[in-house]
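Novice: With numbering that gives the first Met the number 0 applied, the sequence shown corresponds to residues 0 to 190, in that order. By construction, the Cβ of each residue, glycine as well, lies at the ideal position given by its N, Cα and C atoms.
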Amino acid sequence: MCQDSLRSLTQPDDTYYGICQTVAGDNSTESTPGIDVCQYTNTSIHYWPPSLAFDNNVSTKYLNYGSGAQSASTETQGTGTGFYVSPKNGSSVLKGIVFATGDDQPNRDPIMCTVEGSNNASSFLVYGSSWTLIYSGSTGIPASPAPERSQYMSPISINNMIPYTAYRVLITQQSGSANGVQYSECHLLGY
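#1: Between the Cα of Pro32 and those of Cys19, Ala23, Asn158, spot the shortest distance and give me the residue it belongs to.
#2: Reducing DSSP to helix, strand and coil, say where Ala99 ends up.
#3: Tell me, to the nearest whole angstrom, how far the beta carbon of Tyr190 is from that of Ser4; I am working on the premise that it is less than 8 Å.
#4: Say whether the region 154-166 touches the region 56-65, bearing in mind that this needs 3 or more beta-carbon pairs closer than 8 Å, one atom from each stretch.
#5: Give me the Cα-Cα distance between Ser85 and Lys60, rounded to the nearest whole angstrom.
#6: On the DSSP letters alone, give me the boundaries of the beta strand (DSSP E) that His45 sits inside.
#7: Grab me the residues of Gln172's own chain with a C-beta within less than 7 Å of its C-beta, minus the 5 sequence neighbours each way, in chain order.
#8: Where does Leu5 sit, in a helix, a strand or coil, going by DSSP?
#9: At the level of alpha carbons, what is the spacing between Tyr16 and Thr73?
#10: Is the beta carbon of Pro48 less than 9 Å from the beta carbon of Asn41?
What follows is the structure, encoded as structure tokens:
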């Protein structure tokens, strides 16, 4: 994959929908702000919604508690979390994905993910039947040894030639026992 010819398909001002307890091909479950099951961080101190994974700033992050509350920790609590987006730039061909680690707690790192594409209207994107699996594999973040915090990993090449108007990314494995999954950046690359 020639990185020089690829661009980020998403922009900070796109609308991102946080999701949880979702697997590829199934209906999306919406995440909401808070510190409980199926929520992303929203406290008086921190606000880490999905849009922060696209703000080009590795000092912010998206943290989703997935199947548990902020006070719980398991090795799968953050799996099934992610987001979907319909980039304002319109139809595009996804060719890669790159993640950046969060600022703390390596056990929250996403290790494996799926990426799906859709050409359906935005009102249908909650339905699993709207999505086509494009990629299932590594996020580029190693489980061990834990990589540096707030750092971009190497881009992952995705073999795809089909243009889509929307994308859904789901985390399928996290690094270890933690109260959720976090990443500071997630860029979809293509043309």
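Specialist: With the structure as the only source:
#1: Here residue 32 refers to the residue found at position 33 of the sequence shown. Considering only alpha carbons, the answer is Cys19.
#2: What you label residue 99 is simply residue 100 of the sequence shown in a count that begins at 1. The answer is strand: DSSP assigns Ala99 an E or B state.
#3: The residue given as residue 190 occupies position 191 in the sequence shown. The residue given as residue 4 occupies position 5 in the sequence shown. About 7 Å; that satisfies the 8 Å criterion.
#4: no
#5: By 1-based counting over the sequence shown, the position of residue 85 is 86. By 1-based counting over the sequence shown, the position of residue 60 is 61. Roughly 20 Å separates the two Cα atoms.
#6: To locate residue 45, count along the sequence shown from 1; it is residue 46. Premise fails: His45 is in no beta strand (DSSP E) and is neither H nor E.
#7: Residue 172 sits at position 173 when you count from the first residue of the sequence shown. Closer than 7 Å at the Cβ level, and outside the excluded window around Gln172, lie Thr78, Ile110, Met111.
#8: The sequence position of residue 5 within the sequence shown is 6, counting from 1. If DSSP states are grouped into helix, strand and coil, Leu5 belongs with coil.
#9: Taking the sequence shown and counting its residues from 1, the one referred to as residue 16 is at position 17. Taking the sequence shown and counting its residues from 1, the one referred to as residue 73 is at position 74. About 24 Å.
#10: As a first step, residue 48 must be located in the sequence shown, where it is residue number 49. As a first step, residue 41 must be located in the sequence shown, where it is residue number 42. Yes, the pair counts as a contact, with Cβ atoms nearer than the cut-off.
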